[in-house]
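Visitor: I'd like to ask some things about the structure below.
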Amino acid sequence: MSLEIVLEQLVNGLVLGSFYALVALGYSMVYGIIKLLNFAHGDIYMTGAFVCLSAFGVLSGFLPGVPGIIVSILIAMLISGVLGYMTQRFAYRPLLGAPRLSLLITAIGVSLVIYNTVMVVTNSQPLSFQSGLNNTAGIRFGGIDISYIKIVLVAVSALVMTGLNLFINRTMAGRAMRAISQDQDTCRLMGIHVSRIIGLTFILGSALAAVAGGMACVYYGNVRFNMGYIIGIKAFTASVIGGIGSIPGAMLGGLLLGLLESFGTQLEFVGSAWKDVFAFGILILILILKPNGLMGKSEVERM
Amino acid sequence: MGFIKQTCHTALKPVRQAYGLLSENKRVQYIVCAALFAAMVAGPLFLGRYVIGVMWDAMFYMLLALGLNIIVGYCGLCDLGYAAKFAIGAYTTGICIQTFGLSFWLSLPVSVVMAIITAVLIGAPTLKLRSDYLAIVTLGFAEIVRITARNLEITGKATGLHSIERPSLFGLQLTKTEHWYYVFLVLVVAFIFISYRIRNSRFGRALAYIREDEDAAQAMGVNTTRYKLYAYMIGAVLGGITGSFYAVRMASISPTTFDFNQSANILLAVILGGMGKIPGVLAGAAFFAIFPELFRDIPVVGDMRMLFFGLLLVVVMILRPQGLWPERKKR
Amino acid sequence: MPLMQIQNLTMRFSGITAIEDLSFHIEESSITSLIGPNGAGKTSAFNCMTGFYRATSGDILFEGESLLGLKPYRITQKGIIRTFQNVRLFKNMTVLENVMSGAHSISRQSVFGALLRHPAERREEREIREAAEYYLGYVGILDKQNEVAKNLSYGDQRRTEWARALAAKPKLLLLDEPAAGLNREEKDRLVALIRRFRTDFGMTVFLIEHDMDLVMKVSEQVIVINFGTKIAEGTPFEVQSDPRVIEAYLGTDE
Numbered sequence: 001m002s003l004e005i006v007l008e009q010l011v012n013g014l015v016l017g018s019f020y021a022l023v024a025l026g027y028s029m030v031y032g033i034i035k036l037l038n039f040a041h042g043d044i045y046m047t048g049a050f051v052c053l054s055a056f057g058v059l060s061g062f063l064p065g066v067p068g069i070i071v072s073i074l075i076a077m078l079i080s081g082v083l084g085y086m087t088q089r090f091a092y093r094p095l096l097g098a099p100r101l102s103l104l105i106t107a108i109g110v111s112l113v114i115y116n117t118v119m120v121v122t123n124s125q126p127l128s129f130q131s132g133l134n135n136t137a138g139i140r141f142g143g144i145d146i147s148y149i150k151i152v153l154v155a156v157s158a159l160v161m162t163g164l165n166l167f168i169n170r171t172m173a174g175r176a177m178r179a180i181s182q183d184q185d186t187c188r189l190m191g192i193h194v195s196r197i198i199g200l201t202f203i204l205g206s207a208l209a210a211v212a213g214g215m216a217c218v219y220y221g222n223v224r225f226n227m228g229y230i231i232g233i234k235a236f237t238a239s240v241i242g243g244i245g246s247i248p249g250a251m252l253g254g255l256l257l258g259l260l261e262s263f264g265t266q267l268e269f270v271g272s273a274w275k276d277v278f279a280f281g282i283l284i285l286i287l288i289l290k291p292n293g294l295m296g297k298s299e300v301e302r303m
Numbered sequence: 304m305g306f307i308k309q310t311c312h313t314a315l316k317p318v319r320q321a322y323g324l325l326s327e328n329k330r331v332q333y334i335v336c337a338a339l340f341a342a343m344v345a346g347p348l349f350l351g352r353y354v355i356g357v358m359w360d361a362m363f364y365m366l367l368a369l370g371l372n373i374i375v376g377y378c379g380l381c382d383l384g385y386a387a388k389f390a391i392g393a394y395t396t397g398i399c400i401q402t403f404g405l406s407f408w409l410s411l412p413v414s415v416v417m418a419i420i421t422a423v424l425i426g427a428p429t430l431k432l433r434s435d436y437l438a439i440v441t442l443g444f445a446e447i448v449r450i451t452a453r454n455l456e457i458t459g460k461a462t463g464l465h466s467i468e469r470p471s472l473f474g475l476q477l478t479k480t481e482h483w484y485y486v487f488l489v490l491v492v493a494f495i496f497i498s499y500r501i502r503n504s505r506f507g508r509a510l511a512y513i514r515e516d517e518d519a520a521q522a523m524g525v526n527t528t529r530y531k532l533y534a535y536m537i538g539a540v541l542g543g544i545t546g547s548f549y550a551v552r553m554a555s556i557s558p559t560t561f562d563f564n565q566s567a568n569i570l571l572a573v574i575l576g577g578m579g580k581i582p583g584v585l586a587g588a589a590f591f592a593i594f595p596e597l598f599r600d601i602p603v604v605g606d607m608r609m610l611f612f613g614l615l616l617v618v619v620m621i622l623r624p625q626g627l628w629p630e631r632k633k634r
Numbered sequence: 635m636p637l638m639q640i641q642n643l644t645m646r647f648s649g650i651t652a653i654e655d656l657s658f659h660i661e662e663s664s665i666t667s668l669i670g671p672n673g674a675g676k677t678s679a680f681n682c683m684t685g686f687y688r689a690t691s692g693d694i695l696f697e698g699e700s701l702l703g704l705k706p707y708r709i710t711q712k713g714i715i716r717t718f719q720n721v722r723l724f725k726n727m728t729v730l731e732n733v734m735s736g737a738h739s740i741s742r743q744s745v746f747g748a749l750l751r752h753p754a755e756r757r758e759e760r761e762i763r764e765a766a767e768y769y770l771g772y773v774g775i776l777d778k779q780n781e782v783a784k785n786l787s788y789g790d791q792r793r794t795e796w797a798r799a800l801a802a803k804p805k806l807l808l809l810d811e812p813a814a815g816l817n818r819e820e821k822d823r824l825v826a827l828i829r830r831f832r833t834d835f836g837m838t839v840f841l842i843e844h845d846m847d848l849v850m851k852v853s854e855q856v857i858v859i860n861f862g863t864k865i866a867e868g869t870p871f872e873v874q875s876d877p878r879v880i881e882a883y884l885g886t887d888e
């Protein structure tokens, strides 16, 4: 592998990893707080991409280019956040005391609803996104071309994640979130409005997924109703790698998976046809070797 | 929410009463079962080819649902990639016949062995962990199987395997729809028999203990990891056998048959039918085979059926977490 | 040799020490109690003894063999059966099926037995069923055998749990707060029942309990812990008059 290829794959891996990390955060936050594997999260990401595309379609007439895209992503965040909240309010909350299996199955139901709604609305066709920007423009560094869009994408992800970290660690609501993941009943006794905080967690997680969805829409230039499925599983993989429930873990896991995947495709026996197999293989390996993930706290050792 | 619950309650009243009669009176039970079975046996004499085809479809789903029911219904494990088990059986048989020239009947034990190997491969590392990890690993594994089938030479890549030779039974080559109708009817009866035997045994009770309360099951001396693996293996073997028969019945298989929607359908059949209750699971599977047929020709609704399924799933889980089949009060 | 020996047991969860250097033993066919105020580490000790937690250090010997690192089901197979503080029945199964689970650790038919249903399997199934019915009769709820467990009253759920434990024919029966939620009259009956467990089945009984009164009535040996360490040990009478116990427990609680 020449240095150029290494650098190039490093950049690609970071881009891919940013997507994974943003989506993985939502998985991890929700799992941390109500121990639900939110199966519909990938579809929220897809919805985010869709809303972004539709919003830009309307906005581009009078607000073209970068400002239009920014506003579109903000709208996507808002609508996905509302959608995430609604799923929580109407599908998951009535089942919080029910067996875990029922909750998981409900999540599959929610996923089917979102997925198929978008499928019907778009008539199963991919939609293309015309940003009017030059996606290939960029800078030359270390012998390779890095497009501006990749730089912006990674930078925005880093910014969003830093913001999230500050929110979780510095604000009252963030502290409440961490407290609920430790012990819901005690939190209730302490006067924390538990269901409101759970709702907030869904909103935040969904908004983060929408950021990823919006950026994916700009970056790849098209949106498909099934784009959330694979990234959903991958992001889950990422959050398991990092240690599910751990927020820095989700970020680290996302980046790591992105890098592994983009370097993996360079390996002769992997190639692009096998890259998903490669990622799931990693998931299974991690579960065997380090089931609590890289940064997950081991629970009280129960046997 | 209360209103919906009330309406459902009233609407289901006749069903409950009929079920009450059924569950309390053993003789009524036997008569109903015998009548159903006789109707199934006599069916092809009266019914048209289309209806027989749909009924075959229903039985096919019943087999898959009964297999998955051992994993989900009996043991409470969530398997989101059951299509993979059935794909492995189908491809094993397809390859055995086409590449190695084995007869179909000889390919069956190979299928069973393959199913066990894959079940151990996925189950052994993950069944020790939190139960929802299994869900995602089975999902991931199903993707691996599908992608592998699409990329390998031996599985016929994206187009799959074609013109797989139909087997013969006592010198009769099984080619007609009716033949397969009866083959699958025998299989359904066999699977039901296996399911009942398992349920009413020390082994089956142990699975139910795990489903109900894993810690308490451990405390009563159940080796939970091993029993979960057994349940998973049995489910995989039943799925593999179904896949083998599917391959020779259809004579061609391709990766698209085994996608996530397929896995979801089977899971939904088991859950809507009421996890673990065999008549419910059979009804759920029949519903899944027949429902799309009814709506196939209505343009918009046909596309939206998975949407309805999703909604139905959420509503059922909220109103009746134990599934649609009425609960037994007493035995 | 005592039936069970706890040696220098220590249990820490991420920084918190639940049990510190705890040692005691349980004599064969005795009724021994572990008591202490809320949060003293009773349940942690119990969970270590039954394999639900892995002890940080120390050792637990049963009939001279270490139980450390064994999974709960292995410990059960050695003849140690536990009940749970807040009754953990298999809620959607019948009472009879619940009690039949007790026989799991002393029976052996598995997948092939289930499918083939050969004579050995039939015999074992019959034995399991008969044993379950016997123990249901023993605790006095045979008439409820076909009810779904979750529909039982709390008292009957407790009895079901006892029958389930007895059906395993344990050498050592561990009861986790058996009197919780029972009224005075039921508690008196419980005292008699625990004594009968020993005389009728020759088993050793170990209980952790909150209710001082019950403990003093039923046990021969009492171990008192507070903040994870042992503060007293002896007969109920000795313990009752120990000033450290009065200070730590009787003085503050109740």
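Residue numbers (the working numbering), protein chains in the order written: chain Z, 1 to 303; chain D, 304 to 634; chain U, 635 to 888.
Glycine included, every Cβ here is placed at the ideal spot set by N, Cα and C.
Keep in mind that this is a model prediction, so the values were computed, not measured.
Out of D:R433, D:A386, D:G524, D:F340, which one is the CA nearest neighbour of D:A422?
Guide: The residue with the shortest Cα to Cα distance from D:A422 is D:A386.
Visitor: With a threshold of 16 other CB atoms inside 10 Å of the CB of D:F496, please say whether the residue is buried or exposed.
Guide: That one is exposed.
Visitor: Measure the CB-CB distance between U:G649 and U:N860 and report whether it falls below 8 Å.
Guide: Not in contact: U:G649 and U:N860 (Cβ atoms no closer than 8 Å).
Visitor: Does the beta carbon of D:D516 come closer than 8 Å to any beta carbon on chain U?
Guide: Judged by the 8 Å Cβ criterion, D:D516 is in contact with chain U.
Visitor: Would you say Z:D43 faces chain D, with C-beta separation under 8 Å as the test?
Guide: Answer no: the Cβ-Cβ gap between Z:D43 and chain D never drops below 8 Å.
Visitor: Is there at least one Cβ from chain D nearer than 8 Å to Z:N116's Cβ?
Guide: True, the Cβ-Cβ gap to chain D drops below 8 Å.
Visitor: Are at least three pairs of beta-carbons, each pair with one atom in the segment 53 to 69 of chain Z and one in the segment 1 to 19 of chain Z, less than 8 Å apart?
Guide: The segment 53 to 69 of chain Z, when compared against the segment 1 to 19 of chain Z, does not touch it at the 8 Å Cβ threshold.
Visitor: Closer than 9 Å, Cβ to Cβ, to anything on chain D: give me those residues from the segment 90 to 104 of chain Z, in chain order.
Guide: Within the segment 90 to 104 of chain Z, the qualifying residues are F90, A91, P94, L95, A98, P99, R100, L101, S102, L103, L104.
Visitor: Using only the alpha-carbon positions, how far apart do Z:S131 and Z:G258 sit?
Guide: Taking the straight line from one Cα to the other gives about 25 Å.
Visitor: Less than 8 Å separating the beta-carbons of D:L367 and D:I569?
Guide: Yes, the pair counts as a contact, with Cβ atoms nearer than the cut-off.
Visitor: How many whole angstroms separate the CB atoms of D:Y655 and D:F389, which I take to be in contact at a CB cut-off of 8 Å?
Guide: The structure shown does not extend to residue 655 of chain D, since chain D is modelled only from 304 to 634, so the question has no answer here.
Visitor: What does Z:V35 pair with, by DSSP beta-bridge criteria?
Guide: In the sequence under discussion, the amino acid at residue 35 of chain Z is Lys, which differs from the Val named in the question. Beta-bridge pairing links Z:K35 to no other residue.
Visitor: Would you say D:G443 and Z:L283 are within 8 Å of each other, going by their C-beta atoms?
Guide: Their beta carbons are under 8 Å apart, which means D:G443 touches Z:L283 by this criterion.
Visitor: How is D:S406 classed by DSSP in three states: helix, strand or coil?
Guide: Three-state DSSP puts D:S406 in coil, outside helix and strand.
Visitor: Here's the rule: buried if 16 or more other CB atoms are within 10 angstroms of the residue's CB, otherwise exposed. What is D:W483?
Guide: By the 10 Å Cβ count, D:W483 comes out buried.
Visitor: Let me check understanding here. Comparing Cα to Cα, which of U:K803, U:Q855, U:G789 lies closest to U:L824?
Guide: The shortest Cα separation from U:L824 among U:K803, U:Q855, U:G789 belongs to U:G789.
Visitor: Ignoring anything shorter than 3 residues or poking outside the segment 652 to 678 of chain U, list the beta strand (DSSP E) runs there in chain order.
Guide: Listed in chain order, the complete beta strand (DSSP E) runs (minimum 3 residues) inside the segment 652 to 678 of chain U are 665 to 669.
Visitor: Could you check what DSSP says for Z:D145 in three-state terms: helix, strand or coil?
Guide: Here Z:D145 sits in strand by DSSP.
Visitor: Could one say the Cβ of D:N328 lies closer than 8 Å to chain U's Cβ atoms, at least one of them?
Guide: No, D:N328 lies away from the interface with chain U (no Cβ there is under 8 Å from its Cβ).
Visitor: Let me confirm a value: Z:F280 is counted as buried when at least 16 other C-beta atoms fall within 10 Å, else exposed. Which label applies?
Guide: By the neighbour-count rule (16 or more Cβ atoms within 10 Å), Z:F280 is buried.
Visitor: Can you check which of these residues, Z:F50, Z:A91, Z:I144, is closest to Z:L74 by C-alpha distance?
Guide: If we check each option's Cα against that of Z:L74, Z:F50 comes out closest.
Visitor: If we define contact as Cβ-Cβ less than 8 Å, is U:R798 a contact residue for chain D?
Guide: Closer than 8 Å: yes.
Visitor: So if DSSP puts U:T728 in a beta bridge, which residue, or which two residues, is it bridged to?
Guide: Per DSSP, U:V782.
Visitor: Given U:E697, which residues of its chain have a CB within under 7 Å of its CB, disregarding the five upstream and five downstream residues?
Guide: Cβ within range, chain order: L637.
Visitor: Interface residues of chain U around D:R500 at Cβ under 8 Å?
Guide: Those within 8 Å of D:R500 in chain U are A748, L749, R751.
Visitor: Would you call U:F724 buried or exposed, if buried means 16 or more other Cβ atoms sit within 10 Å of its Cβ?
Guide: Buried, by the Cβ-count rule.
Visitor: Counting only beta-carbon atoms, is D:S466 nearer than 8 Å to chain Z?
Guide: So no, D:S466 is outside the interface.
Visitor: Which runs of the alpha helix (DSSP H) fall wholly inside the segment 48 to 95 of chain Z and span at least 4 residues, in chain order?
Guide: Counting whole runs of 4 or more residues, the segment 48 to 95 of chain Z contains the alpha helix (DSSP H) stretches 65 to 86.
Visitor: Checking the sheet assignment: what are the DSSP bridge partners for U:E867?
Guide: The partner list for U:E867 (beta bridge, DSSP) reads U:I857.
Visitor: How big is the Cα-Cα spacing for Z:T265 and Z:S18?
Guide: Between Z:T265 and Z:S18, the C-alpha separation is close to 18 Å.
Visitor: Report buried or exposed for Z:V113, applying the criterion of at least 16 other Cβ atoms within 10 angstroms of its Cβ.
Guide: Answer is buried; the Cβ neighbour count reaches 16.
Visitor: Thinking C-beta only, is D:A588 closer than 8 Å to D:Y364?
Guide: Yes, these two residues count as a Cβ contact at 8 Å.
Visitor: With distances taken Cα to Cα, identify the nearest neighbour of D:A341 among D:F598, D:S466, D:L488, D:P317.
Guide: When only C-alpha atoms are compared, the closest one is D:L488.
Visitor: Leaving out five residues on either side along the sequence, give the residues of the same chain with a beta carbon under 6 Å from the beta carbon of Z:G81.
Guide: Closer than 6 Å at Cβ, skipping near neighbours: I203, S206, A207.
Visitor: Tell me D:L472's beta-bridge partners as DSSP assigns them.
Guide: BP columns for D:L472 point to D:L475.
Visitor: Is there a Cβ from chain D that is less than 8 Å from the Cβ of Z:D145?
Guide: Chain D, which has no Cβ nearer than 8 Å to the Cβ of Z:D145, makes this no.
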